[in-house]
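A.B. asks: Can you read through this structure? Questions will come right after.
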Amino acid sequence: MSAALSIRIAAESDIDALVPIAESREADRQFLVDRFAYLDGHRGNIWILLRADEEFVGWGILHTQTDPHYNYPELEDLYIRLDCRNRSYGTFLVARIEEVARKRGLKGISLGVNPDDNPDARRFYERLGYRHDGGEKRLDGIYGEYEDWTIGMEKKL
Numbered sequence: 000m001s002a003a004l005s006i007r008i009a010a011e012s013d014i015d016a017l018v019p020i021a022e023s024r025e026a027d028r029q030f031l032v033d034r035f036a037y038l039d040g041h042r043g044n045i046w047i048l049l050r051a052d053e054e055f056v057g058w059g060i061l062h063t064q065t066d067p068h069y070n071y072p073e074l075e076d077l078y079i080r081l082d083c084r085n086r087s088y089g090t091f092l093v094a095r096i097e098e099v100a101r102k103r104g105l106k107g108i109s110l111g112v113n114p115d116d117n118p119d120a121r122r123f124y125e126r127l128g129y130r131h132d133g134g135e136k137r138l139d140g141i142y143g144e145y146e147d148w149t150i151g152m153e154k155k156l
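In numbering that gives the first Met the number 0, the protein residues as written are 0 to 156.
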């Protein structure tokens, strides 16, 4: 990791700077606008941005309320720009999100991962101490023709 990494809470004024990240995951500016509107309307959601030097390279969303599908509040939508992967940026971001969660009094974090279509993500979270919560796969969302079947993973803080 040679870049200076830092995190901060997202603001609506960041949308234009985040467009390149959204586009690298086949989303667009409207995705960001909709995401901010959703998060703004639901109390306790924290969109945390990762910067490498002065450039945004990723994000994660921490929900501070417990999701009915999980034992703990959820870490959702962790994403590191493709050209910035395998540089420990994701590890850094998850560690900072866990710090934010601890400071807010959370006892653990849950998340969903598709073990079949995204085995790298599952291995990444397992390396960071997250374990399958024992539940069965559930349909997390339908995106066009794609059904995202996930398992829950969790980590006590």
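No residue lacks a Cβ here, since even glycine has one placed at the ideal position from N, Cα and C.
Look at the Cβ atom of Leu17, then the Cβ atom of Glu73, and state whether they are nearer than 8 Å.
C.D. replies: Counting from one through the sequence shown, the residue named residue 17 turns up at place 18. Counting from one through the sequence shown, the residue named residue 73 turns up at place 74. Result no, Cβ atoms of Leu17 and Glu73 do not sit closer than 8 Å.
A.B. asks: Cα-Cα, which of Pro118, Val112, Pro19, Ala2 is closest to Glu153?
C.D. replies: As a position in the sequence shown, residue 153 is number 154, starting the count at 1. For Glu153, the nearest C-alpha among the options comes from Val112.
A.B. asks: Using DSSP with H/G/I as helix, E/B as strand and the rest coil, what is Leu105?
C.D. replies: The count along the sequence shown starts at 1 and reaches residue 105 at position 106. Coil at Leu105, not helix or strand.
A.B. asks: Exposed or buried, which one is Ala94 when buried takes at least 16 other CB atoms within 10 Å?
C.D. replies: Taking the first residue of the sequence shown as position 1, residue 94 is located at position 95. When all chains shown are included, Ala94 counts as exposed.
A.B. asks: What first and last residue would you give for the alpha helix (DSSP H) that runs through Pro118?
C.D. replies: Taking the first residue of the sequence shown as 1, we reach residue 118 at position 119. First-last of the alpha helix (DSSP H) with Pro118: 118 to 126.
A.B. asks: So who's on the other strand from Thr90, going by DSSP bridges?
C.D. replies: Numbered from 1 along the sequence shown, position 91 holds the residue referred to as residue 90. DSSP, once it has assigned bridges, lists no residue as partnering Thr90.
A.B. asks: Apart from the five residues on each side of it in sequence, which residues of its chain come closer than 6 Å, Cβ to Cβ, to Ile150?
C.D. replies: Numbered from its first residue, the sequence shown carries residue 150 at position 151. Cβ neighbours of Ile150 within its own chain (closer than 6 Å, five residues either side excluded): Pro114, His131, Lys136.
A.B. asks: Pull up the distance between the alpha-carbon of Glu11 and that of Pro67, whole angstroms please.
C.D. replies: For this step, residue 11 is matched to residue 12 along the sequence shown. For this step, residue 67 is matched to residue 68 along the sequence shown. Approximately 28 Å between the Cα atoms of the pair.
A.B. asks: Using DSSP's beta-bridge definition, name the partner residues of Gly133.
C.D. replies: Sequence index remark: in the sequence shown, residue 133 carries index 134 (1-based). In DSSP, Gly133 forms no bridge with anything.
A.B. asks: Rounding to the nearest angstrom, what Cα-Cα distance links Arg159 and Thr65 in this structure?
C.D. replies: For residue 159 there is no data in the structure shown, the boundaries of the chain being 0 and 156.
A.B. asks: Please go through the same chain and pick out, in chain order, the residues whose beta-carbon is closer than 7 Å to the beta-carbon of Asp52, but skip the five residues on each side of it.
C.D. replies: Here residue 52 is taken as the residue at index 53 of the sequence shown, counted from 1. Once the five neighbours on either side are set aside, the close Cβ partners of Asp52 are Ala2, Ala3.
A.B. asks: Alpha carbons only, please: which of Asp76, Gly107, Lys106 is nearest the one belonging to Arg34?
C.D. replies: Within the sequence shown, the letter at position 35 stands for residue 34. Among Asp76, Gly107, Lys106, the Cα nearest to that of Arg34 belongs to Asp76.
A.B. asks: Could you compute how far the alpha carbon of Lys155 sits from the alpha carbon of Leu49?
C.D. replies: Counted from its first residue, the sequence shown places residue 155 at position 156. Counted from its first residue, the sequence shown places residue 49 at position 50. Those two C-alpha atoms are separated by around 23 Å.
A.B. asks: Are Ser23 and Arg80 touching if we call contact CB-CB under 8 Å?
C.D. replies: In the sequence shown, residue 23 corresponds to position 24, counting from 1. In the sequence shown, residue 80 corresponds to position 81, counting from 1. In this structure, Arg80 lies closer than 8 Å to Ser23 by Cβ.
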